[in-house]
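Take the sequence shown: its position 55, counted from the start at 1, is 55 in the working numbering, and no numbers get skipped. Before any comments, here is the structure.
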Amino acid sequence: MSAPALRQPKMLNIVRKPPVNVQCFSDDQSVILTLKDCRKLVISSDSYHGILMAGNMYKCVFCGSEMELDNKLKEAHKNLMTHKRCLERYPHLEDFSENLIRKLSNDSLYCSLCNVVMTTTAATRHVTTETHKDQLEKAEIKATTYKPI
Ligand SMILES: [Zn+2]
Ligand SMILES: [Zn+2]
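Put into structure tokens, the structure is as follows:
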């Protein structure tokens, strides 16, 4: 049986294709995401990177690390190799498509549009809330008007 060896690379390509492609980082503030159906969404770089304000600290929901409220520290964290690898481990879930939901653990999810962490059971309701729909609409509008520098 020599056929499986030939088929292997093709299969890997299919498995690795992410549901959402990050098209480019046009500046420090915004990230353009291209969905599978070629629709584009523009969200803030902090939301994309999962960086939240937690009390008087910034917290990265993916790495679990905390840092002082300092822009330089925050930007440096986004560029860390360890952080980038962390992000790759939490791809946007295909089931939620344009709602940009990432799975953090078995019982928690992260919404890249609203920049919030929620329980898995709350997610189905979350994507139907006005707050979330507003954020999605804003991301779509920004994508049509946004001019990368
Ligand atoms: Zn991180
Ligand atoms: Zn949301």
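We put the CB at the ideal spot given by N, CA and C, even for glycine.
The count of Cβ pairs closer than 8 Å, one atom from the stretch 54-63 and one from the stretch 30-45, stays below three, leaving the stretches out of contact. For CYS60, the enclosing beta strand (DSSP E) covers residues 57-60. ASP107 is positioned such that its CB atom lies no closer than 7 Å to that of THR128.
Counting only runs of 4 or more residues that sit fully inside the stretch 72-106, the alpha helix (DSSP H) segments are 81-88, in chain order. Setting aside the 5 residues that flank it on each side, LEU69 is surrounded in the same chain by ASN56, MET57 and TYR58, each with a C-beta closer than 7 Å to its C-beta; the list follows chain order.
Residue burial annotation: LEU113 is buried, with at least 16 other C-beta atoms found within 10 angstroms of its C-beta.
Our two residues, GLU137 and TYR48, have alpha carbons roughly 16 Å apart in a direct line.
Judged by the Cβ position, LEU113 qualifies as a neighbour of ligand 2 at the 6 Å threshold, a heavy atom of the ligand being closer than this. Note on ASN99: 16 or more other CB atoms within 10 angstroms of its CB, so buried under the neighbour-count rule.
Counting of Cβ neighbours within 10 angstroms places GLN135 among the buried residues, the total reaching 16 or more. Across the structure, LYS72 and GLU88 are spaced so that their CA atoms are roughly 23 Å apart. CYS63 is the residue among CYS63, ASP46 and CYS111 whose C-alpha sits nearest the C-alpha of THR82.
According to the DSSP secondary-structure assignment, GLU66 is paired through a beta bridge with LYS59.
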